[in-house]
Structure formats: C-alpha cells, structure tokens
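K.L.:
Positions -20 to -1, 1 to 393 (mature numbering (1 follows the signal peptide of the UniProt record, and there is no 0)) are the ones given, in order, by the sequence shown.
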Amino acid sequence: MKRVLNILLIACFISLIHGCAVQDAAQKASQKATRKFPEIERVDGILFDGTKFRIEASPFVLGGKLYYAIRTESKKPELVIYESQPKTEIARLPFDYEYISATVNNGRLYVFGTLHQPGPIGGGTAVYMTTTEDLKQWTTPAEVFSAPPHIRIFNTSVAFAKSKAVMAYETIGPSIGFTIRFSTTDQLVRKKFSPTGGTLHPERYAAAPTIKYSNGIFYVLYLRAIGSPTVFKTYVARTTDLVNFTLISSAESSDGTGISRQLPLLEPAPREGINTSDVDLVEYEGETVMLYADGNQGNWHDVRMAKFSGSLDRFMIQHFDAGSEFQLGNSQFRPTTQQVDRIFKFLEVGASYFFDAPVEISSAPDGTVVRKYKSGVIAKYEAGRLFYRAEGQEWLPIGSASDFLPALEENGF
C-alpha cells in the first residue's frame, strides 16, 4: 500500500511540474511570437516582363545612382542595364551567360554569369565575369570559377569581404540535390575562385543564393521548396566562416510549447503564384531595395520590387533579432569524429546525438532540432533548454542537460 501511495505522490508531483513547465514554455513562446519582423513593402506593378527577361535581376548602386542588371530572354541573349529613376536603358551588350548577378566594389561593377552546357539537367560548368567602371567600357568576359567534377552550376552571387571575394553558388550533382556551396579568392582579377568546402542545407532543396557581407557576417538569402502543394519561399541564414550557419526561427507553435519553425524572408502574396525567388537587394538613399521573381516555377514569371524603410544592415540585423535562433552545427554542438548526416554530440550528455531532421517527426514544425534517443522518444535543444517527448505526447522541458538521462528514466522511457 505504501508503495502505491508513493507512486501516486510521484505521479502527482510530475504532473504538477509538467503543467507548470508547459505553461511557462507557452508564455515564453507567446512573448516571442509577438515580436515583429522588419516590414517589407511591395511596390505595385511589374518591374520586368518575364516574357522578355530572365528571372534573375540585380539592383546595384554606382556613382550614387540606382541601377538594375538583367538578361534578355532571347536566342541572342544580352545583358541590359537600366537606370531606376526614371527606368531608362543605359547599356546593352551581348552576354551569352545564364543566371546573372551583379555587385559593386570600390566603384566598379562586377557581373557574373554561368556558361550554359547542353543536357537535360541544365546549368553549366564554369562561371564568367565582366566588369566596368562607367557602364560604357566593359572587360571581355573571363572564366573565374570551374565546377568540381560531375557538378553543374546554376545561380551565383558574390560578396566582397575585406581582402577576399566570396561566391555562393547553386549546384546539383550525382546523388546530390540542389544545394548551395561556397568558394573564395583573394585576387579576383588574377586568381580564380576555390571551393571552401562549406555547404548550406546539404540535406534539402536550397537554390538561388544571394550573399551579402557586413561587419564580419555573411548573410545568405536562398530559396526553399515548402509543403504540399509546393510553395517556393526565400529564407536567410548567416555565417562567419561559411561552414556553420545560423537560421531564423520563431517561437510560434500550434501547441504553445515553444517548438521553433524556420521563418521565411519573403513568401508569395496574392497574384504572385507559388514563387518568390532570386531575391537580390541593395541599400539606396537609406532604404533597402529588393528585386525578386514571382511565378509558377514553370512557364511564367515576372520580376517585382519590394522595399524596407531602413539600411541593409538594419534590415538584416532586425530580421535575425526578431526570433530565437537555432544552428545547423557547432556553437552549442560539437561535431563527432565520424560526422554522418549532420550528427552532432551534445557536450554535457556524452551518449546523446542531435541532428537537424524534421522529417523524423511529422507533427513538429519544419526546422526543429530533434533526435531519437530510444525507440519512440524524441528530444530537442532550443534556447538553452532541452525538451523531450514520447510520440503522440506533449513536450516535457528539462531543466538542464545533466537532467536529461535521469528525467527519461524517471518517466519510464
């Protein structure tokens, strides 16, 4: 009888602690969910007609003026430069390269494009660059990057960071879906880009990158395919080493327990189809000007504009500070000696491994960091705390990492 009473008392105690903890987590989630992201204001109308121009367009500032770079959709493709106010064609030149991007460094415009290679996959095996200071005299396009063996390159984007240039490039290869890799060079004119080894989202579709650099941080905008039916949204990650990436997440969840989901930077509005891709942006006169493509990822698209009332630095920083953050690797996690499928060892629990694999639990929002500890038991690490649950049950918060194993055992897992 005494044993039964003890069991009942323990059960009541666990239930009480569980209820308080879940309520506390729900309150914290509610507080985080009320934070707002920077307001992006769409500009009415279509900037470039998709029947005449390709989907990629870059805004840039040269000599104090805002311009757009875009490539024509024709059998003899051309690179066209438009001044923005009013929208006026300034330059047009032959440019038989795809997936263009443009950026300015030290008063010089750099335009990059991928040399098309025939085949069912598309893309190419080399990236070319042309430059100009006055939009009149252009350098002859020169190869600046060659794809690794058996890899095709699609979209590219370059950012200048102090003494080096960094390229983010979209790739596909044998047994590898669309993903984003990086390469660098310390002498862009004389020396080609070399791969860094870093990869953003090797385990899922990631495409159409744009990379920006500010105050020691690289920001990578990229496209993801979400849900069923599929919608294409643009997200953003940041990194200091081009290997470990921090994503934007939110504390919003359906059950109020603080499970994070990754938040998009831009998603389709009415009349924009299922796509907001190929986002590129620049700061001009105190505003952040953004170009992006809508469409159906098939037979139609247009290029549109949006703005943020503030500097590019402020836009990026606010976007990250608005939500809690989780990481794909490092910082709180240390790679194991045999790293497979992005597995990481949690420092305070030697036998526990965490990995970014939301497919492991269908009920958790996309982006949750989870692991399977034992059959039917799932755990996640978020905002300095551990949570765990049995399948079909609510999340239980754990006070610290050292409580992880005892808590599982006490609750019969």
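Every residue gets a Cβ at the ideal spot worked out from N, C-alpha and C, and that includes glycine.
In this text, all values refer to a predicted model and were calculated from it rather than measured experimentally.
Taking all protein chains shown into account, do 16 or more other C-beta atoms lie within 10 angstroms of the C-beta of Ile101, making it buried, or fewer, making it exposed?
P.N.:
exposed
K.L.:
Starting from the Cα of Ser155, find the closest Cα among Pro182, Ser126 and Ile50 and give me that residue.
P.N.:
Ser155 has its Cα closest to that of Pro182, out of Pro182, Ser126 and Ile50.
K.L.:
Rounding to the nearest angstrom, what Cα-Cα distance links Glu263 and Leu292 in this structure?
P.N.:
5 Å
K.L.:
Flag this pair as yes or no: are the beta carbons of Leu243 and Thr214 separated by less than 8 Å?
P.N.:
no
K.L.:
Could you tell me which of Asn276, Ala249 and Gly290 sits nearest to Arg22, measuring between CA atoms?
P.N.:
Ala249
K.L.:
Look at the alpha carbon of Pro121 and the alpha carbon of Lys287, and state the distance between them as a whole number of angstroms.
P.N.:
32 Å
K.L.:
Using the three-state DSSP reduction, which class does Ala331 fall into: helix, strand or coil?
P.N.:
Its pLDDT being 30, under 50, Ala331 is placed unreliably in this model, and the value from its coordinates should be taken loosely. For Ala331, the three-state secondary structure derived from DSSP is coil.
K.L.:
Assign Ile26 to one of two classes, buried (16 or more other C-beta atoms within 10 Å of its C-beta) or exposed (fewer than that).
P.N.:
Residue environment: Ile26 is assigned as exposed (fewer than 16 neighbouring CB atoms within 10 Å of its CB, all protein chains considered).
K.L.:
Under the rule that 16 or more other beta-carbon atoms within 10 Å means buried, what is Asn135, buried or exposed?
P.N.:
buried
K.L.:
With a cut-off of 8 Å on the beta carbons, I'd call Pro189 and Leu201 a contact; round off their distance for me.
P.N.:
7 Å
K.L.:
Within 10 angstroms of the Cβ of Arg251, are there 16 or more other Cβ atoms? Answer buried if so, exposed if not.
P.N.:
exposed
K.L.:
Just grab the DSSP bridge partners of Ser81 for me.
P.N.:
Phe92
K.L.:
Counting along the chain, where does the beta strand (DSSP E) carrying Asp260 start and finish?
P.N.:
Ser257 to Tyr264
K.L.:
With a Cβ-Cβ cutoff of 8 Å, do Ser163 and Thr176 count as a contact?
P.N.:
yes
K.L.:
How about Ala106: is its Cβ closer than 7 Å to a heavy atom in the ligand NAD?
P.N.:
With respect to small molecules bound, the structure shown includes none, and the ligand NAD cannot be examined in it.
K.L.:
So Asp260 and Ser38 are in contact, right, with Cβ under 8 Å, and what is the actual spacing, rounded?
P.N.:
5 Å
K.L.:
Out of curiosity, what's the CA-to-CA distance linking Gln97 and Tyr185?
P.N.:
One C-alpha to the other measures close to 22 Å.
K.L.:
Check the DSSP bridge columns for Tyr48 and list the partner residues they point to.
P.N.:
Pro39 and Tyr62
K.L.:
Would Val84 pass as a contact of Ala49 if the rule is Cβ separation under 8 Å?
P.N.:
Against a cut-off of 8 Å, the Cβ pair of Ala49 and Val84 comes out as no contact.
K.L.:
Just the C-alpha distance for Thr31 and Thr220, rounded to the nearest angstrom, thanks.
P.N.:
39 Å
K.L.:
Of the residues Met270, Phe295, Gly278 and Ile297, which one's Cα is nearest the Cα of residue 394?
P.N.:
The requested residue 394 is not part of the displayed model; the chain covers only -20 to 393.
K.L.:
To the nearest angstrom, report how far apart Glu19 and Ile228 are at their CA atoms.
P.N.:
16 Å
K.L.:
Return the residue from the list Thr159, Phe173 and Ile131 that minimises the CA-CA distance to Val146.
P.N.:
Phe173
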